[in-house]
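Novice: Numbering of the sequence shown is given in the working numbering, commencing with residue 668 and proceeding in unit increments.
By construction, the Cβ of each residue, glycine as well, lies at the ideal position given by its N, Cα and C atoms.
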Amino acid sequence: MSTQIDYNDPRYAQAAAEILRRHDNGEPEANITSAVRDFLIVTGLVTGDETVQENPPAQGSRRAVDLAALDTFIEFKRRIGTAGGFNPNAEYVQQLDDYLEQSENQGRMRMGILTDGKRWLLRWPEAGPVRTAPPYAFTLQDPDRWITLFEWLRDHALSAEANKLPSRSTIAQHFGPAAPSYERDIAALRALYTQHAGTRDTLNKVHDSLNCV
Numbered sequence: 668m669s670t671q672i673d674y675n676d677p678r679y680a681q682a683a684a685e686i687l688r689r690h691d692n693g694e695p696e697a698n699i700t701s702a703v704r705d706f707l708i709v710t711g712l713v714t715g716d717e718t719v720q721e722n723p724p725a726q727g728s729r730r731a732v733d734l735a736a737l738d739t740f741i742e743f744k745r746r747i748g749t750a751g752g753f754n755p756n757a758e759y760v761q762q763l764d765d766y767l768e769q770s771e772n773q774g775r776m777r778m779g780i781l782t783d784g785k786r787w788l789l790r791w792p793e794a795g796p797v798r799t800a801p802p803y804a805f806t807l808q809d810p811d812r813w814i815t816l817f818e819w820l821r822d823h824a825l826s827a828e829a830n831k832l833p834s835r836s837t838i839a840q841h842f843g844p845a846a847p848s849y850e851r852d853i854a855a856l857r858a859l860y861t862q863h864a865g866t867r868d869t870l871n872k873v874h875d876s877l878n879c880v
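1. Check each candidate in N722, G752, Q671 and name the one with the smallest Cα separation from L767.
2. Round the Cβ separation of A702 and E717 to the nearest angstrom and send it over; I've been treating them as touching at under 8 Å.
3. Please work out which residues of its chain come closer than 7 Å, Cβ to Cβ, to K785, disregarding the five sequence neighbours upstream and downstream, and give them in chain order.
4. Can you give me the C-alpha to C-alpha distance between P801 and Y679, rounded to a whole angstrom?
5. Which one or two residues does DSSP pair with G748 in a beta bridge?
6. DSSP on T799, reduced to helix/strand/coil?
7. When you compare only the Cα positions, how much space is there between T749 and A757?
8. I need the straight-line Cα distance from P724 to G693, nearest angstrom please.
9. With a Cβ-Cβ cutoff of 9 Å, do V709 and A682 count as a contact?
10. Suppose the cutoff is 8 Å on Cβ atoms and the five residues either side in sequence are ignored; what does the same chain contact list for T739 look like?
11. Do I741 and T782 have their C-beta atoms within less than 9 Å of each other?
12. Can you give me the C-alpha to C-alpha distance between F753 and A804, rounded to a whole angstrom?
13. Does the Cβ of R812 have 16 or more other Cβ atoms within 10 Å, making it buried, or fewer, making it exposed?
14. Can you say whether F794 is buried or exposed, counting buried as having 16 or more other CB atoms within 10 angstroms of its CB?
15. Under DSSP, the alpha helix (DSSP H) around T700 begins and ends at which residues?
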């Protein structure tokens, strides 16, 4: 979906304000989920048809991800960690990591977000230790800075600019060594390399792929 928007449209700040209001009031996770979904749709990052609430992470799973948007799982908590600072609860991170692993085991690589509406943590299969520095994490400070959340989601979590013509700079930004998606893909290739280490053809193909990046 195209993400060409009017930055002066007051709806975007209003949608961000609703996310923060529900976070600050400690409202149920479902309420924060609904506000974030509204933000994604009103800003054009996704369409309503590109989101699914309570989505199983894999076929046959009895668990459910709070929100799936495009190829990204978004898991919500009232608070993802301690009130002071950005310190995500390890159990919550593991829950999201498990969902991503289940999806990966069925052949679908996804990005994942753990959020309480204010603090946002980016994860992917084999992501390793939690990193709370940009671009691996984001904090929405106030609704007037909604554009920073929009850009973080667009550039690092959703890869939503399908209609934007690529340039050298945008390719480097989204797929270069500094991009989380690059780390995700390298981790996937290394896992595949390890998993099929005894199969010569697969081993050679993965080895060649790693040497090309």
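Specialist: Taking the coordinates as given:
1. Nearest to L767 by C-alpha distance, out of N722, G752, Q671, is N722.
2. Between E717 and A702 the Cβ distance is about 17 Å, and since that is not below 8 Å, they are no contact.
3. Around K785: L687, H690, T806, L807.
4. Straight-line Cα distance between these residues: approximately 22 Å.
5. G748 is bridged to P755.
6. In the displayed model, T799 falls within coil according to three-state DSSP, outside both helix and strand.
7. A straight-line Cα-Cα distance of about 11 Å links T749 and A757.
8. A straight line joining the alpha-carbon of P724 with that of G693 spans about 26 Å.
9. Between V709 and A682, the CB-CB gap stays under 9 Å.
10. Within the same chain, T739 has close Cβ partners R777, M778, G779, I780, A824, L825.
11. The answer is yes: Cβ separation under 9 Å.
12. Rounded to whole angstroms, the separation of the alpha carbons of A804 and F753 is 9 Å.
13. Result: exposed.
14. In the sequence under discussion, the amino acid at residue 794 is Ala, which differs from the Phe named in the question. Its Cβ being crowded by 16 or more others within 10 Å, A794 is buried.
15. T700: member of the alpha helix (DSSP H) spanning 696–709, first to last residue.
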